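Scroll down for the structure; my scribbles are underneath it.
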Amino acid sequence: MSDTATLAKPAADIPADRIVDFDIYNPFKGQFDLHVAWAELQKSTPHQIVWTPHNEGHWIALSPDLINQVYSDATRFSSRVVLVPKSTAGEAYAEFIPLSLDPPVHRPFRKVLNDKLYGSAIHPLEPKVRKLTAELIDGFVANGRCDFVHEFAEQLPLRVFMQLVDLPEEHLPKLKPLADQFTRPDGSMTPAEATEAFKAYVEPILEERRIKGGDDLLTHIATSEVEGRPMTLSESARLAIQVLVGGLDTVVNFMSFTMRILAEAPEVQARLAASTDLHHAAINECLRRLPLVSSAREVVADTEVDGVRLAKGDMVVAPTELYALSPEMNVNPMAFDLDRKVRNHMAFGSGHHTCPGQFLARMEMKVLLEEWFARIPRFELEPGQTLRHRGGIVGGCEPFILRWPTA
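Numbered per my numbering, the sequence shown spans residues 851 to 1257.
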């Protein structure tokens, strides 16, 4: 996202050995593996926190303990701004709730989401998810190959999400690029323009659903109360937009990372095809090995961390990748191990803003593994393709081809 012409100047009291050339939107140096890029940064310094001039200049927490503090201690690290660059993407996204609200203000708004996204509310969706999963796989299984990102990962979670919010699937080509502007901006519009486009889309829908009613998530948001009063249209829209941004991106990428790593692990495939009892462990190991969110927090007041001063208003990016990939949290962290006894990760975040969509994500992953291995027990990456990840607040995979025997 940044370039040398827009690099920030470090404050005079930032030691030279704390300054790194690392752009979270383009972290790759000679290779294109997101998790390797983050792990190499962590290995390159003994410090718990470093500063980068990219994206207006911000700190990056590197140690697991500090990453956890950044997500959990709202008295020192506020959620008012959670994206970098702060003045553009950060301030635009700060309009959305409840992620931009600190406790206790966030709680009644978070409850609105919990009521529709926690386990018991998600379970009835499983038959629909299973039916769609089977249809998608059956659509390409006889071909012996598929573009997994385009033919599955960008289909299943997005179509399920559109059912959850009761929006027509034909609106996806409009909504998905808007959501991407906050996690992996492409420069086609500013974050402020994306915000206004989202508002223009969602506000009339919310007004209509307040009158019409229904049992979908957007209607629930439109008609819910907080602290004994109806939400304003502005509050409902800010909450709905955050739901749309989250629902249209993260699971797409997690599924893609999962199937790419499994494609290179034939022994793991054989075990998963032979026993569905191992699928739960596989999902947990994918969550541990393949976290993809690098959110940020705003420093509440001048404070000292690891021997350096963080000034009020500074931004600190806390990569969930490094919490799980640190050797002090997991033995041999880069290895994919189904038999791992202890798995420490924060793939769904930590603290007050733990991802409310985690139950849906887990259920979709469970169904994917069950239906996929029932039809395609062995598969691999098609040789000769260029394999790349994407950086960003939410990391992603460039499209890749899987192939398998059909006879």
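Glycine included, C-beta positions come from ideal geometry on N, C-alpha and C. In this text, all values refer to a predicted model and were calculated from it rather than measured experimentally.
request  = Using 10 angstroms around the beta-carbon of residue 1241, count the other beta-carbons present and answer buried if the total reaches 16, otherwise exposed.
outcome  = buried
ask   = Any idea if residue 1180 is buried or exposed, counting beta-carbon neighbours within 10 angstroms, 16 or more meaning buried?
value = Buried, because 16 or more other Cβ atoms sit within 10 Å of the Cβ of residue 1180.
Inter-residue spacing [alpha-carbon to alpha-carbon] between residue 852 and residue 904 = Residue confidence is low: residue 852 scores 49 on pLDDT, short of 50, so the model does not pin down where it sits. Its coordinate-derived value is still stated next. Approximately 6 Å between the Cα atoms of the pair.
inquiry  = Contact criterion: CB-CB distance below 8 Å. Does residue 1213 meet it with respect to chain B?
reply    = As a matter of chain content, chain B is missing from the structure shown, which is built from one protein chain.
Runs of alpha helix (DSSP H) wholly within the region 961-1030 (minimum 4 residues, chain order) = For the region 961-1030, the full-length alpha helix (DSSP H) segments reaching 4 residues or more read 969-972, 976-990 and 1006-1015 along the chain.
Cβ neighbours of residue 1137 in the same chain (closer than 6 Å, five flanking residues each side left out) = 1195 and 1197
key: Per-residue DSSP class, three states only, for residue 1165   = strand
inquiry  = So, with DSSP's three-state summary, where would you put residue 1247?
reply    = strand
inquiry  = Quick check: the Cα distance between residue 921 and residue 1200, rounded to an integer number of angstroms?
reply    = So the alpha carbons of these two residues sit roughly 6 Å apart.
query = Can residue 1153 and residue 1160 be called in contact, C-beta distance under 8 Å?
reply = yes
request  = Look at the alpha carbon of residue 951 and the alpha carbon of residue 995, and state the distance between them as a whole number of angstroms.
outcome  = 45 Å
inquiry  = Using the three-state DSSP reduction, which class does residue 917 fall into: helix, strand or coil?
reply    = helix
ask   = Would you call the CB atoms of residue 1168 and residue 917 closer than 8 Å?
value = yes
message = Let's see if you can read the secondary structure: which residues bound the alpha helix (DSSP H) around residue 1121?
response = 1116-1124
ask   = Ordered along the chain, which non-local residues of its own chain (more than five positions away) have a Cβ less than 6 Å from that of residue 931?
value = Non-local C-beta neighbours of residue 931 in its own chain, meaning closer than 6 Å and more than five positions away in sequence, comprise 940, 944 and 1148, ordered along the chain.
query = With a Cβ-Cβ cutoff of 8 Å, do residue 1099 and residue 1244 count as a contact?
reply = The answer is yes: Cβ separation under 8 Å.
ask   = For residue 1256, does the three-state DSSP call read helix, strand or coil?
value = coil
ask   = Which residues share a DSSP beta bridge with residue 927?
value = 1149
key: For residue 1232, the nearest candidate out of 860, 1094 and 1110 (CA to CA)   = 1110
key: Completely contained alpha helix (DSSP H) runs for the region 1067-1112, where each covers 4 or more residues   = Fully enclosed alpha helix (DSSP H) runs of 4 or longer: 1067-1073 and 1083-1097.
task = Classify residue 1031 as buried or exposed, calling it buried when 16 or more other Cβ atoms lie within 10 Å of its own Cβ.
result = buried
inquiry  = DSSP has residue 1144 in a bridge; who is on the other side?
reply    = 1169
inquiry  = Taking the alpha carbon of residue 1115 as the reference point, which residue from 915, 894, 863 and 1230 has its own alpha carbon closest?
reply    = 1230
ask   = What's the gap between the Cα of residue 860 and the Cα of residue 934?
value = C-alpha separation (whole angstroms): 16 Å.
ask   = First and last residue of the beta strand (DSSP E) that includes residue 1060?
value = First-last for residue 1060: 1041-1062, but that is the alpha helix (DSSP H), not the beta strand (DSSP E).
ask   = Rounded to whole angstroms, how far is the Cβ of residue 1122 from the Cβ of residue 1132, which I believe are closer than 8 Å?
value = 6 Å
request  = Would you grab the beta carbon distance between residue 1092 and residue 946 for me? Rounded to a whole angstrom, and I think it's under 8 Å.
outcome  = 4 Å
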